[in-house]
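Under numbering that gives the first Met the number 0, the sequence shown is numbered contiguously, ending at residue 405.
Take a look at the structure below.
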Amino acid sequence: MRREAERTWGPIDLTVKAAIITPTLSHFEVPMFRLASTLSGLDVRVLHTDLRDNAFYDKDYGRVIDWGEALRSGYPNTGYASMPEVATAVFDWSPDVVLQYGYFWRGALPLFARMRMRRIPVVHRGLLTPYKNTRHNPLITNTWRAVQPHLLRRFQGHHYGGSYSEGVLKAAGIPKEQRFFVPYSIDTPYFAARADAAEEIENAEQLKKVLGWAEDAPVVLFMCQQSWFKAPDVMLRVVAEAQKSLPNLKLLMAGSGQMTDELKAYAEAHLLAGSFHFPGYVSSKQTMPYYLAADLVMFPSRYDTWSRGVNEAMLARRPCIVSRIVPAAGGLVEDGENGYVVDGLEPEAFAARVLEFFRRPEGERKKMGQAARARAETFSYEAHADDLRRSFMDVVGAHSMMSEAR
0 MRREAERTWG PIDLTVKAAI ITPTLSHFEV PMFRLASTLS GLDVRVLHTD
50 LRDNAFYDKD YGRVIDWGEA LRSGYPNTGY ASMPEVATAV FDWSPDVVLQ
100 YGYFWRGALP LFARMRMRRI PVVHRGLLTP YKNTRHNPLI TNTWRAVQPH
150 LLRRFQGHHY GGSYSEGVLK AAGIPKEQRF FVPYSIDTPY FAARADAAEE
200 IENAEQLKKV LGWAEDAPVV LFMCQQSWFK APDVMLRVVA EAQKSLPNLK
250 LLMAGSGQMT DELKAYAEAH LLAGSFHFPG YVSSKQTMPY YLAADLVMFP
300 SRYDTWSRGV NEAMLARRPC IVSRIVPAAG GLVEDGENGY VVDGLEPEAF
350 AARVLEFFRR PEGERKKMGQ AARARAETFS YEAHADDLRR SFMDVVGAHS
400 MMSEAR
């Protein structure tokens, strides 16, 4: 390696070879890969086992989905048929540091153990939350929770995306110098630009017109997978409750999933005629007209690892109502300032916040929307490029110093 820069821990010889290992390519994380590949002093390569096309069948959505993201363009990456092949490629390249996505996938722990045996420092990036995953067997969840602090301490660094994940790291005894704030974010420049694009604003207006909704009709939006843990059934009950006091309230119920048919049946039976619309699955990069057609976006999840639709909505200057269990409540959504955070899943509690928002003067609602946009921009990858860079550089530096001290 060559001497290139000064770090917080003193001089280091570098360009740093940084391998990013992930079993799947997330359309939310790909923008971070592109950013990392542009940072000075870093030679970044992403190694993965995701050999799917950009469009692929998803059993939870019950259909072929395409997020509208070119998952393998704009950064160095190679896909392999299996994790053993990834491991071989990693060790052949001999990186200075590895960023590993999670540890709850087949082969993750053996690979991590092999990297540590070879004295390669490993940074962990995973969606940590203090709440238990209601989608998993409770016995498995409780066992992992008992083991988790010990495992987290074996990594040499950690990304955290908000106060929930940082809290998990603090509870596990991870020191401050090993924690790096690299948000759980999205393609912020894209969504910010689309939120201001004249054609998207026109598309939103046209959407309401086609549905026969008045231009000033209050609209709430659900933009999530229609599966139990995202609580789409709670969403419909919230709207039914709110319509008792606000009968012109409209609902955009975007998404698809295992519950879609029963949700449509419930809406027909309990919501006011003509007050709701199920547009089906909407590709991530095509969501902006729906955000702009709505005034308020809701995420009443029973469990979530972040819910990055919150980032998208807030960039569109749309305040969000989230359940306390949604980790975006830990730093992104500030109750009463740029959105609302609700404890529990009682429809009445959510409906009360819906009514509170629409009873605010228009100027106050717009001010809340502007605050949402500003906060979402601070949760971008770009705003924390230095933290991303330091998560590699500082870990390599600390590892080098420890090796020299031995």
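For every residue, glycine included, the Cβ atom is placed at its ideal position computed from N, Cα and C.
From a predicted model like this one, the values you see are computed outputs, not experimental measurements.
Item, Value
"Label I11 either buried or exposed according to how many other C-beta atoms from any shown protein chain fall within 10 Å of its C-beta, with 16 as the threshold for buried.", "Low confidence applies to I11: its pLDDT is 48, below 50, so where it sits in the model is not reliable, and the reading given next is rough at best. So I11 ends up on the buried side."
"Count the other C-beta atoms from every protein chain shown that fall within 10 angstroms of the C-beta of V63, then say buried if there are 16 or more, exposed otherwise.", "exposed"
"Does DSSP classify K16 as helix, strand or coil?", "strand"
"Measuring alpha carbon to alpha carbon, tell me which of H276, L235 and Y74 ends up nearest T37.", "Y74"
"Can you name the residues that DSSP bridges to V296?", "L220 and C319"
"Between which two residues does the alpha helix (DSSP H) holding V43 run?", "From DSSP, V43 is part of no alpha helix (DSSP H) but of the beta strand (DSSP E) over L41 to H47."
"What do you get for A418, buried or exposed, if any count of 16 or more other CB atoms within 10 angstroms of its CB means buried?", "Nothing can be reported for residue 418, as the shown portion of the chain is limited to 0 through 405."
"Please report the straight-line C-alpha distance between E3 and D42, rounded to a whole angstrom.", "Annotation note: pLDDT 35 at E3 (below 50); position unreliable, no value reported."
"Which same chain residues end up closer than 8 Å to Q224 when comparing Cβ atoms and leaving out the 5 residues on each side of it in sequence?", "D59, Y60, G254, S255 and G256"
"I need the DSSP call for K284, collapsed to helix, strand or coil.", "helix"
"For H26, does the three-state DSSP call read helix, strand or coil?", "coil"
"What do you reckon, are the CB atoms on Y159 and L151 nearer than 8 Å?", "no"
"Put K208 into one of helix, strand or coil per three-state DSSP.", "helix"
"Since I believe P318 is in contact with L295 (beta carbons under 8 Å), could you give me their beta-carbon distance rounded to a whole number of angstroms?", "6 Å"
"Is the CB-CB distance between L98 and R124 below 8 Å?", "yes"
"Look up K249 in the DSSP assignment and give the residues it is bridged to.", "V218"
"Excluding five sequence neighbours on each side, which residues of the same chain lie with their C-beta closer than 6 Å to the C-beta of W411?", "Any question about residue 411 goes unanswered here, given that the chain covers just 0 to 405."
"Could you tell me the distance, in whole angstroms, from the CA atom of S306 to the CA atom of F298?", "8 Å"
"Cβ atoms of A18 and P94: under 8 Å apart, would you say?", "yes"
"Is DSSP giving V181 helix, strand or coil here?", "coil"
"Who are the near neighbours of L70 in its chain, counting only those whose CB is closer than 7 Å to its CB and skipping five residues on each side?", "L24, H26, V29 and N53"
"Which partner residues of L98 appear in the DSSP bridge assignment?", "I19 and V122"
"Give the DSSP-derived three-state secondary structure of P129 in the structure shown.", "coil"
"Do you know whose CA, among Y280, N310 and S399, lies nearest Y56's CA?", "Y280"
"I'd like the list of long-range same chain contacts for N132, defined as Cβ closer than 8 Å, with 5 residues on each side in sequence excluded.", "T140 and Y302"
"Return the chain-ordered list of same chain residues with a C-beta closer than 6 Å to the C-beta of Y339, the five sequence neighbours on each side being excluded.", "I320 and R352"
"Please report how far the alpha carbon of K383 lies from the alpha carbon of L34, in whole angstroms.", "The sequence given here has His at residue 383, not Lys. Near 10 Å, if we compare the C-alpha coordinates of L34 and H383."
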